[in-house]
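Only one structure is covered here, and it is reproduced in the block below.
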Amino acid sequence: MERIPILKMGDCLLVTVQVDMHDQMALTLQDDLTTRISQTKAKAVLIDISALEIVDSFIGRMLGNIAGMARILDAQTVLVGMRPAVAITLVELGMSLPGVRTALNVERGMDLIRMSPANRSRHDRESR
Amino acid sequence: MTASQGEQLPIRTSEEVVVVRQAVRKWAVAAGFSIIDQTKVVTAASELARNTVVHAGGGTVLIEQITSGERRGLRLTFEDSGPGIPDIELALKDGYTTGNGLGLGLSGSKRLMNEFVITSTVGHGTKVVATKWK
Ligand SMILES: Nc1ncnc2c1ncn2[C@@H]1O[C@H](COP(=O)(O)OP(=O)(O)OP(=O)(O)O)[C@@H](O)[C@H]1O
Ligand SMILES: [Mg+2]
Numbered sequence: 002m003e004r005i006p007i008l009k010m011g012d013c014l015l016v017t018v019q020v021d022m023h024d025q026m027a028l029t030l031q032d033d034l035t036t037r038i039s040q041t042k043a044k045a046v047l048i049d050i051s052a053l054e055i056v057d058s059f060i061g062r063m064l065g066n067i068a069g070m071a072r073i074l075d076a077q078t079v080l081v082g083m084r085p086a087v088a089i090t091l092v093e094l095g096m097s098l099p100g101v102r103t104a105l106n107v108e109r110g111m112d113l114i115r116m117s118p119a120n121r122s123r124h125d126r127e128s129r
Numbered sequence: 270m271t272a273s274q275g276e277q278l279p280i281r282t283s284e285e286v287v288v289v290r291q292a293v294r295k296w297a298v299a300a301g302f303s304i305i306d307q308t309k310v311v312t313a314a315s316e317l318a319r320n321t322v323v324h325a326g327g328g329t330v331l332i333e334q335i336t337s338g339e340r341r342g343l344r345l346t347f348e349d350s351g352p353g354i355p356d357i358e359l360a361l362k363d364g365y366t367t368g369n370g371l372g373l374g375l376s377g378s379k380r381l382m383n384e385f386v387i388t389s390t391v392g393h394g395t396k397v398v399a400t401k402w403k
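The listed protein sequences correspond, in order, to chains A and B. Numbering follows the numbering used here, in which position 8 of the first sequence is assigned residue number 9; successive positions increment by one, without gaps. Numbering follows the numbering used here, in which position 76 of the second sequence is assigned residue number 345; successive positions increment by one, without gaps.
Below, the structure written as structure tokens:
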């Protein structure tokens, strides 16, 4: 089965979803990411969904699960590039993606991760 | 109301749910829907197609371009011979699920479409007709 690649950049994992994922693919991505976070001790996960034309309840649930799983493993998740039409539709569908942070694009997502209190306090701890 | 053109597709697997999404997108573009309306129709189709696979073990969808006077629209008819829905009103409540979903598929896709009619007979199957007007 086709898999969504996961790239490691420093202590961040980057996922760019470029295909219309069927449900099994989405579940595989969720598992793969969880494994990679714990293997690499990544501190952040950036998921670029700018190529996705829709996010339905299944994909929405997967994104929420990833964020929840990452949090337990002490990593933060930022969802980047959601198309406006997708955002409008998600809200009308009734999904608010609680606990998932969003940014306009990958660059802003990176900024968000760098500026986050969790990262700063870790930096403080490490420099002590 | 008249149906001018249409296409019927099987929905048996999650791969075929993707095929349905792509076909509905194509028809929504052909009907001249805005990007937002295209996204709403495709998302609703994805939810209803998944329900057909997950709750009924498969079925079919008929995608039709329809006209009523000057109005153009897209009508999606999902049909299955699954277990049926005993209480449709309950199934349409946000958060109601008999599986491990979020229970947003039916209620959410009803909000995303303009007309939404469910008919179901326990032990025989379910038919969902969902229409979006341009
Ligand atoms: N085609 C169908 N055949 C039989 N039962 C159905 C069908 N579609 C929906 N249902 C019933 O209606 C309930 C609500 O459906 P809905 O799509 O709203 O939620 P879900 O599929 O359980 O979860 P979600 O779609 O959020 O992942 C389902 O749990 C199921 O019991
Ligand atoms: Mg559903």
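Heads up, the beta-carbon is just placed ideally off N, CA and C, and yes, glycines get one too. Just so it is clear, the structure is predicted and the values come from calculations on it, not from any experiment.
{"query": "Compute the minimum distance between the beta carbon of H23 (chain A) and the heavy atoms of ligand 1, and state whether it is under 8 Å.", "result": "no"}
{"query": "So what does W402 (chain B) bridge to, in DSSP terms?", "result": "B:G342"}
{"query": "Alpha carbon to alpha carbon, what distance is there between P352 (chain B) and T329 (chain B)?", "result": "15 Å"}
{"query": "For the alpha helix (DSSP H) that V286 (chain B) lies in, which residues bound it at each end?", "result": "283-299"}
{"query": "Given this structure, state the Cα-to-Cα distance separating V391 (chain B) from R344 (chain B), to the nearest angstrom.", "result": "24 Å"}
{"query": "Per the contact definition of three or more C-beta pairs closer than 8 Å, is the region 45-65 of chain A in contact with the region 76-96 of chain A?", "result": "yes"}
{"query": "Against chain B, with Cβ distances strictly below 9 Å, would A184 (chain A) count as a contact?", "result": "No answer is possible for residue 184 (chain A): it lies beyond the span of chain A, which begins at 2 and ends at 129."}
{"query": "Closer than 8 Å: is that where the CB of E93 (chain A) sits relative to any heavy atom of ligand 2?", "result": "no"}
{"query": "Against chain A, which members of the region 361-373 of chain B pass a CB distance test of less than 8 Å?", "result": "D363, G370, L371, L373"}
{"query": "What whole-angstrom Cβ distance do L331 (chain B) and T346 (chain B) have, given they're in contact under 8 Å?", "result": "4 Å"}
{"query": "Check M83 (chain A) in the structure and name its three-state DSSP category.", "result": "coil"}
{"query": "Tell me the rounded alpha-carbon separation between T103 (chain A) and L113 (chain A).", "result": "9 Å"}
{"query": "Just list the residues that DSSP pairs M10 (chain A) with in beta bridges.", "result": "A:C13"}
{"query": "Any beta carbon from chain A within less than 9 Å of V311 (chain B)'s own beta carbon?", "result": "yes"}
{"query": "May I ask you to verify whether the region 278-295 of chain B touches the region 315-326 of chain B, counting CB pairs closer than 8 Å and requiring at least 3?", "result": "yes"}
{"query": "Could you tell me whether the region 296-305 of chain B touches the region 375-390 of chain B, using the rule of 3 or more Cβ pairs below 8 Å?", "result": "no"}
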